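S.K.:
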Amino acid sequence: MQTRRGFLKSSGGLVAALLAAGFLEPGDLRAEEWNKAAFETKKMEDLVKLLGGTGPAESAEVAIVAPDIAENGAVVPIGITSKLDKTRAIAILVEKNPNVLAAMFSIPDGTLPDLQTRVKMAQTCNVFALVRAGGKFVYAAKEIKITLGGCGG
Amino acid sequence: MKWRSAEPARKRICVCLITAVFGAALAGVAVGQDNHAVDEIQKYRQMLQEGNPAELMELKGEELWTTARGPKNATLEQCDLGLGPGKLEGAYAQLPRYFADTDRVQDAESRLVTCMQRLQGIGPAEATRGWYNPNSDLEALTTYAAARSKGHKIDVPAAHPREREALRIGEELFYRRSGPLDFSCATCHSLDDRRIRLQELPNFQVRASAQSSMVTWPAYRVSQSAVWTMERRLIDCIRQMRWPEPDYLSEAIVDLQVYLQHNASGGVMEAPGIKR
Amino acid sequence: MVQPRIFLLVAFASVAPLAFGDEASQRAAEEVVRKSFSTATPDQWATRMQQDEVQALCSRYRNAPPPEIASKILAAQQRTFKYPADGKLMGDWREGEKLASIGTGGHIGNIQPDPPGRKKGGNCYACHLLAPKEVAAGTIGPSLTGFGKLRGNAPETVKYTYEKIYNAQAFVPCSMMPRFGLHGWLTPKEIADSVAFLLDPESPVNQ
Amino acid sequence: MGNPMKIRAKADGDLVEVKILMSHIMETGQRKNQAGEPIPAHYIQLVSVTYGARTVLSAQWGPAVSANPFLAFKFKGGQKGEKLKVSWTDNTGDSRGDEVAIG
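Protein chains in written order, with the numbering used here: chain A, 1 to 153; chain B, 154 to 429; chain C, 430 to 636; chain D, 637 to 739.
What follows is the structure, encoded as structure tokens:
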């Protein structure tokens, strides 16, 4: 049912693929290199500023699908959907992690603004879904409680 | 039969304490909170089911199974896990079992070590080196073997005298208390519907509960970012009991598995699972 | 406090009983234990594997000892208590609260031992609901929320609570609860702090 | 070069649902080993999913993405039987690419 074949043995092809993507606007996330500064920001507002935006404002058009409680902070499933037209980028932020940004995705035409991944959370706090749509930054927030499971040692 | 009376009696005492001493109203509040937490944990686990990293271990195990390795440059494809050489489908679900050629009751891992030695010429020391490191070869092979039993019923009747003896010892070990916390396996695993913190605990005295647990091992543990086999699970339970570390593939660990698999017989394998 | 022996319907769903649990089986199991823990040091054997009489009896009787054995255990365990040097059985609830959440300490072995000197806790939350704000509380033991609010903290109550934590089997033979004081897992001072966590009106357990 | 990924891509009409599991430790660089020494950071930074010449998703990740990362998304316009490629590069320069036929 599933075929699988390794096709890439060096990183050269990947950078080319990312460059070819053309999903970014000038001054935005840079495709050709990993945005070190973005991953060092401590607050959502600072990240937005770094990416050349203002705000952001909270939006009911963005939704976070995640449990209220996670049994382990090492793996917290996060789904994000946006109903906004021209959603071009989605980022997942964890408020109280040492660095706030966990992941950012660019959404080219034809890809739905509806994705799921898993992040680490150092402690109970808000998770933010930051969306750039039509040149504006908006977000949704959800508090997720990190609990202890098991024997505790 | 007579020993089974212990837990219902204890449960009754607990219920009396909660209702008589603390009052029904208080107990009600506690239950209400519990339900929300438990529902949300269910949701958490359902989301994890969407993609189980144990599948990556399955892939790795498959590659190891089919790749010629060792001094004899052979694959493991002719390994006999109990149903005959090369018959892998459903074999894990009938382990541990007695093997005449080694004159031992063996679980999946100890049998895989036998196969690696005989077919590939890889000695036990090399086969088991670093077995507990994440993504170890032996755990990958065990995961692959277990996944080839998906849909098969656990079937460990312990009919052979040696298996019967292993079952007897396994039950004895399950109840064996020692150490500075007075723990045995039964401390956490002989009551119905209990949790340690938020983790539900199977009651291995009850068939349905034993089944629900055993059918999902080996499992990816999100707290460890790694797949654990039942060997690893048991060795870590014993660590948590503050006992010394039992030897990997030792008789005690195999016998405990005979007891658990015997009690879980009839359960349909779903491994690899995903757990906290 | 001897447990009544009751047969419930649970037996239906129970796994076919083996009716083992005799001395011969116990001896055979000890043989296997000897062979299977080859890396344990003599000291570890003495302190962690060697069963004391109570542990051996509770194992043999699957934690449901017959009345005469149960009485024997009770009598012997009631003679084990030791109290803090200053005689104060109720300490600092804040310290007790910390101990209730600590589940580390005392792990040995090669794979994942605790660093030497790591603090041991009572890990009460593993099995009991205590402060209502803690969601991740276990249910192996009964809920202890409001323990002091309901019982007060008269001297008899303080003494009972101290002794129960010190040696639960002095009250319930073959109780699942660790004998924290008897084994020296918690010091008398730490037990007194745990008593305060349960009984002090200021403690979150009683809010 | 890392271990193989597990990729599932299923077409439902015009819409392709993609689920990817990658084998990677995603070490943050902030943890210590048992000897108390820091464990060096090791995590995927760039991810790209392409369908023919078209990039259908690209991502930048930090060390807060969980170990053995999971990623699920949907795109329009994929055909059954055609290839979907997924590739990643980590902070040590290691990379991996795998492909799957859309089912």
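Glycine is no exception: its CB is placed at the ideal position from the N, C-alpha and C atoms.
Since the model is a prediction, treat every value here as computed from it, not as a measurement.
In chain order, what residues of the same chain have a beta carbon less than 7 Å from the beta carbon of residue 704(D), not counting five sequence neighbours either side?
M.R.: Only 657, 658, 659, 660 meet the Cβ criterion.
S.K.: What's the C-alpha gap between residue 152(A) and residue 359(B)?
M.R.: Each residue's alpha carbon lies about 26 Å from the other.
S.K.: As a quick exercise: from 119(A), 101(A), 135(A), 120(A), pick the residue whose alpha carbon is nearest that of residue 44(A).
M.R.: Per the Cα distances, 101(A).
S.K.: Would you mind working out which of 614(C), 533(C), 555(C), 491(C) sits nearest residue 349(B), comparing C-alpha positions?
M.R.: Comparing Cα positions, the closest option is 555(C).
S.K.: Residues in the same chain with beta-carbon distance under 7 Å from residue 614(C), minus the five sequence neighbours each way, listed in chain order, please.
M.R.: Once the five neighbours on either side are set aside, the close Cβ partners of residue 614(C) are 549, 607.
S.K.: Residues in the same chain with beta-carbon distance under 6 Å from residue 132(A), minus the five sequence neighbours each way, listed in chain order, please.
M.R.: Excluding residues within five positions, the ones whose Cβ falls inside 6 Å are 88, 89.
S.K.: Could you tell me which chain C residues have their CB closer than 8 Å to the CB of residue 332(B), listed as they occur along the chain?
M.R.: The contacting residues are 476, 477, 478.
S.K.: Tell me which residue opens and which closes the beta strand (DSSP E) that residue 126(A) is part of.
M.R.: Counting along the chain, the beta strand (DSSP E) containing residue 126(A) begins and ends at 125 to 133.
S.K.: Given that residue 396(B) touches chain C, what residues does it touch there, using C-beta distances under 7 Å?
M.R.: Simply 477, 478.
S.K.: So is residue 651(D) buried or exposed if we call it buried at 16+ other beta carbons inside 10 Å?
M.R.: Exposed, since its Cβ has fewer than 16 Cβ neighbours within 10 Å.
S.K.: How big is the Cα-Cα spacing for residue 583(C) and residue 210(B)?
M.R.: Using only the alpha carbons, I get a separation of about 58 Å.
S.K.: Could you tell me whether the segment 139 to 147 of chain A touches the segment 519 to 534 of chain C, where touching means 3 or more Cβ pairs closer than 8 Å?
M.R.: Because the criterion of three Cβ pairs below 8 Å is not met, the segment 139 to 147 of chain A and the segment 519 to 534 of chain C do not touch.
S.K.: Cα-Cα, which of 208(B), 279(B), 247(B) is closest to residue 296(B)?
M.R.: Closest by alpha carbon: 208(B).
S.K.: Shorter than 8 Å from the beta carbon of residue 72(A) to some beta carbon of chain B?
M.R.: Chain B, which has a Cβ nearer than 8 Å to the Cβ of residue 72(A), makes this yes.
S.K.: Please confirm if residue 634(C) has its CB atom under 8 Å from at least one CB of chain B.
M.R.: Taking Cβ atoms only, chain B never reaches closer than 8 Å to residue 634(C), which makes this a no.
S.K.: Can you say whether residue 412(B) is buried or exposed, counting buried as having 16 or more other CB atoms within 10 angstroms of its CB?
M.R.: Buried is the call here.
S.K.: By DSSP, does residue 641(D) sit in helix, in strand, or in coil?
M.R.: Coil, per DSSP.
S.K.: What residues of chain A sit near residue 349(B), judged by a beta carbon separation below 7 Å?
M.R.: Per Cβ cutoff of 7 Å: 150, 151.
S.K.: For residue 378(B), decide whether its Cβ has a neighbour in chain D, counting only Cβ atoms nearer than 8 Å.
M.R.: By this cut-off, residue 378(B) is an interface position.
S.K.: In terms of alpha-carbon separation, which member of 636(C), 612(C), 471(C), 557(C) lies closest to residue 570(C)?
M.R.: Among 636(C), 612(C), 471(C), 557(C), the Cα nearest to that of residue 570(C) is on 557(C).
S.K.: Output needed for residue 37(A): all residues of its chain with C-beta closer than 7 Å, excluding positions within five of it in sequence on either side, in chain order.
M.R.: Within the same chain, residue 37(A) has close Cβ partners 50.
S.K.: Leaving out the 5 sequence neighbours to the left and right, which residues in its chain are closer than 6 Å to residue 22(A) when beta-carbon positions are compared?
M.R.: Low confidence applies to residue 22(A): its pLDDT is 38, below 50, so where it sits in the model is not reliable, and the reading given next is rough at best. Around residue 22(A): no qualifying Cβ.
S.K.: Taking a cut of 7 Å between CB atoms, which residues from the segment 197 to 222 of chain B lie near chain D?
M.R.: Residues passing the 7 Å Cβ filter: 203, 204, 206, 208, 209, 212, 213.
S.K.: Return the chain-ordered list of same chain residues with a C-beta closer than 8 Å to the C-beta of residue 543(C), the five sequence neighbours on each side being excluded.
M.R.: 533, 534, 535, 536, 537, listed in sequence order.
S.K.: Residue range of the beta strand (DSSP E) that residue 143(A) falls in?
M.R.: Element bounds for residue 143(A): 136 to 146.
S.K.: For residue 415(B), count neighbouring Cβ atoms within 10 angstroms of its own Cβ and tell me buried if that reaches 16, exposed if not.
M.R.: Flag for residue 415(B) reads buried.
S.K.: Tell me, please, whether the segment 265 to 279 of chain B touches the segment 300 to 308 of chain B by the rule of three or more beta-carbon pairs shorter than 8 Å.
M.R.: No: fewer than three Cβ pairs fall under 8 Å.
S.K.: Assuming residue 586(C) and residue 559(C) make a contact with CB atoms under 8 Å, what is their CB distance in whole Å?
M.R.: No, residue 586(C) and residue 559(C) are not in contact; Cβ-Cβ is about 17 Å, not under 8 Å.
S.K.: How long is the line joining the alpha carbons of residue 240(B) and residue 216(B), rounded to whole angstroms?
M.R.: About 17 Å.
S.K.: Consider the Cβ of residue 128(A): report whether some Cβ of chain D lies at a distance smaller than 8 Å.
M.R.: Answer no: the Cβ-Cβ gap between residue 128(A) and chain D never drops below 8 Å.
S.K.: Would residue 618(C) and residue 546(C) be called neighbours here (beta carbons separated by less than 8 Å)?
M.R.: No, the pair does not count as a contact, with Cβ atoms beyond the cut-off.
S.K.: Give every residue of the same chain whose Cβ lies closer than 6 Å to the Cβ of residue 379(B), excluding the five residues on either side of it in the sequence, and list them in chain order.
M.R.: Here the set comprises 287.
S.K.: How about residue 528(C) and residue 632(C): are their beta carbons less than 8 Å apart?
M.R.: No, they are not a contact pair.
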